[in-house]
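*Asks:*
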Amino acid sequence: MDMIATKFDVSIRQSFRCRNKDGQNERAVGPDGICGRVLKACADQLAPVITDIFNLSLTLGIVPSSFKRSTIVPVPKKPRPSDLNDYRPVALTSVVMKCFEKLVRDFITSSLPASMDPLQFAYRHNRSTDEAIAHLLHTTLTHLDEGRGNYVKMLFVDYSSAFNTIIPSLLTTKLEDLGLHTSLCDWISNFLTDRPQSVRVGNCASSTLTLSTGAPQGCVLSPLLYSLYTYDCTATSSFTIIVKFADDTVVDLGQR
Numbered sequence: 001m002d003m004i005a006t007k008f009d010v011s012i013r014q015s016f017r018c019r020n021k022d023g024q025n026e027r028a029v030g031p032d033g034i035c036g037r038v039l040k041a042c043a044d045q046l047a048p049v050i051t052d053i054f055n056l057s058l059t060l061g062i063v064p065s066s067f068k069r070s071t072i073v074p075v076p077k078k079p080r081p082s083d084l085n086d087y088r089p090v091a092l093t094s095v096v097m098k099c100f101e102k103l104v105r106d107f108i109t110s111s112l113p114a115s116m117d118p119l120q121f122a123y124r125h126n127r128s129t130d131e132a133i134a135h136l137l138h139t140t141l142t143h144l145d146e147g148r149g150n151y152v153k154m155l156f157v158d159y160s161s162a163f164n165t166i167i168p169s170l171l172t173t174k175l176e177d178l179g180l181h182t183s184l185c186d187w188i189s190n191f192l193t194d195r196p197q198s199v200r201v202g203n204c205a206s207s208t209l210t211l212s213t214g215a216p217q218g219c220v221l222s223p224l225l226y227s228l229y230t231y232d233c234t235a236t237s238s239f240t241i242i243v244k245f246a247d248d249t250v251v252d253l254g255q256r
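The numbering of the sequence shown is UniProt numbering, which starts it at 1 and goes up by one.
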């Protein structure tokens, strides 16, 4: 964890100064009311204090409850929503916590073994959706060219509320199996448990509930944590591949 700590001060200053690009952070202020403009203007003054808080948080494996607090805003998935399922629950969290999450995310991705789930294309060096599509097409066309009568079945999986399926205790076990430091695993487990959350629609807000499962949609770490949560979901048949990009999954089955 010292590797993260030594980079905190510089990284946080840079992150704070990059806040508020195009005004996007002003529209995504978290429950603490701190906007990106404040962080940008006071980067030199705030960075040392926030660095100490982050280092202590990692050392203790505890995330301050104020950093875990989120406001859920229903965002329409389509122009004219007519059902509750037509909305995506996006979590507005502290912009300070987002900076912290980015540092942790970068540290995790740099620590992962290169051999981990080669068909997971999210958060991997030199990989993207283009590479995922190219690999899927290449595998499919190669199988079809191998013999007359060969065919391929493809299953496109769209998980319902995928991030909400994460169980922190199971995730922690998998992170330890991947070789991540115990203190970091404890920190992630604490990050996902006892999270105060309320829902806001317009000017109306609900009472606060505390959640201990799932990962908030809209948080920086959530997509990476989900991809690590499902890294061991791989095919056992030589004729089948499972291509993933975070929670987007395609099962490709070649048959003769």
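A virtual CB, placed ideally from N, CA and C, is assigned to each residue, including glycine.
Bear in mind that the values here come from a model prediction, so they are computed numbers and not experimental data.
Could you check how far apart the C-beta atoms of Val-96 and Phe-67 are, in whole angstroms? I think they sit under 8 Å.
*Replies:* Between Phe-67 and Val-96 the Cβ distance is about 7 Å, and since that is below 8 Å, they are a contact.
*Asks:* Can you check whether the CB of Leu-184 is closer than 9 Å to the CB of Leu-58?
*Replies:* Yes, they are a contact pair.
*Asks:* Near Ala-162, which residues of its chain fall below 8 Å by C-beta distance, leaving aside the five closest residues on each side in sequence?
*Replies:* Tyr-226, Asp-247, listed in sequence order.
*Asks:* Answer with buried or exposed for Thr-249, where buried requires no fewer than 16 other C-beta atoms within 10 angstroms of its C-beta.
*Replies:* Its Cβ being crowded by 16 or more others within 10 Å, Thr-249 is buried.
*Asks:* Per DSSP, Ser-70 is paired with what?
*Replies:* For Ser-70, which the question treats as bridged, DSSP gives the partners Gln-197.
*Asks:* When the Cα atoms are used, what is the spatial distance from Leu-56 to Gln-45?
*Replies:* C-alpha separation (whole angstroms): 18 Å.
*Asks:* Candidates Ala-47, Ile-72, Ser-94, Thr-51: which alpha carbon is nearest Met-208's?
*Replies:* The amino acid occupying residue 208 in the given sequence is Thr; Met does not appear at that position. Minimum Cα distance to Thr-208 is reached at Ile-72.
*Asks:* Run through DSSP, which three-state label would Gly-36 get?
*Replies:* Helix at Gly-36.
*Asks:* Alpha carbon to alpha carbon, how far is Ser-110 from Leu-221? Give it in angstroms, no decimals.
*Replies:* Distance between the alpha carbons of Leu-221 and Ser-110: 14 Å.
*Asks:* Give, in chain order, every unbroken run of the beta strand (DSSP E) that is at least 3 residues long and sits entirely within the stretch 173-224.
*Replies:* The stretch 173-224 contains these whole beta strand (DSSP E) runs: 195-201, 209-211.
*Asks:* Counting Cβ pairs, one atom from each stretch, are 3 or more of them under 8 Å apart for the stretch 154-169 and the stretch 212-220?
*Replies:* Yes: the two stretches touch, three or more of their Cβ pairs being nearer than 8 Å.
*Asks:* When the Cα of Trp-187 is compared with those of Thr-210, Val-157, Pro-74, Leu-60, which residue comes out closest?
*Replies:* Of the listed residues, the one whose Cα sits closest to Trp-187 is Leu-60.
*Asks:* Determine, using beta-carbon pairs with one atom in the stretch 84-101 and one in the stretch 32-39, whether at least three such pairs fall under 8 Å.
*Replies:* Output reads yes: the stretch 32-39 touches the stretch 84-101.
*Asks:* If you follow the alpha helix (DSSP H) that Asp-145 is in, where does it begin and where does it stop?
*Replies:* 129-146 is the extent of the alpha helix (DSSP H) around Asp-145.
*Asks:* Taking the straight line between their C-alpha atoms, what separation do you get for Ser-198 and Leu-144?
*Replies:* Cα-Cα distance, rounded: 51 Å.
*Asks:* Let's see if you can read the secondary structure: which residues bound the alpha helix (DSSP H) around Pro-48?
*Replies:* It spans 43-60 - the alpha helix (DSSP H) in which Pro-48 sits, taken as one unbroken run.
*Asks:* Output the distance between the C-alpha atoms of Phe-245 and Leu-175, rounded to the nearest integer angstrom.
*Replies:* Near 18 Å, if we compare the C-alpha coordinates of Leu-175 and Phe-245.
*Asks:* Flag this pair as touching only if the stretch 83-93 and the stretch 140-159 have three or more C-beta atom pairs under 8 Å; answer yes or no.
*Replies:* Output reads no: the stretch 140-159 does not touch the stretch 83-93.
*Asks:* Count the other CB atoms within 10 Å of the CB of Asn-25; is the residue buried (16 or more) or exposed (fewer)?
*Replies:* Legend: pLDDT at Asn-25 = 46, less than 50; position of this residue unreliable, value from coordinates given subsequently. Counting Cβ neighbours within 10 Å, Asn-25 comes out buried, since at least 16 surround it.
*Asks:* Are the Cβ atoms of Val-75 and Arg-88 separated by less than 9 Å?
*Replies:* It is a contact, given that the beta carbons lie within the stated cut-off.
*Asks:* For Met-97, report the span of its alpha helix (DSSP H) as first-last.
*Replies:* From DSSP, the alpha helix (DSSP H) with Met-97 extends over 95-111.
*Asks:* Going by other Cβ atoms of all chains shown within 10 Å of its Cβ, with 16 needed for buried, is Leu-112 buried or exposed?
*Replies:* Buried, since its Cβ has 16 or more Cβ neighbours within 10 Å.
*Asks:* Return the chain-ordered list of same chain residues with a C-beta closer than 7 Å to the C-beta of Thr-193, the five sequence neighbours on each side being excluded.
*Replies:* Hits under 7 Å: Pro-168, Ser-212.
*Asks:* Between which two residues does the beta strand (DSSP E) carrying Arg-124 extend?
*Replies:* Taken as a continuous stretch (DSSP letters only), Arg-124 belongs to no beta strand (DSSP E), as it is neither H nor E.
*Asks:* If we count the other Cβ atoms within 10 Å of its Cβ and call it buried at 16 or more, is Glu-146 buried or exposed?
*Replies:* Glu-146 is exposed by the Cβ-count criterion.
*Asks:* Can you tell me whether residue 280 is helix, strand or coil according to DSSP?
*Replies:* Residue 280 lies beyond the residue range present for the chain, which begins at 1 and ends at 256; the question has no answer from this structure.
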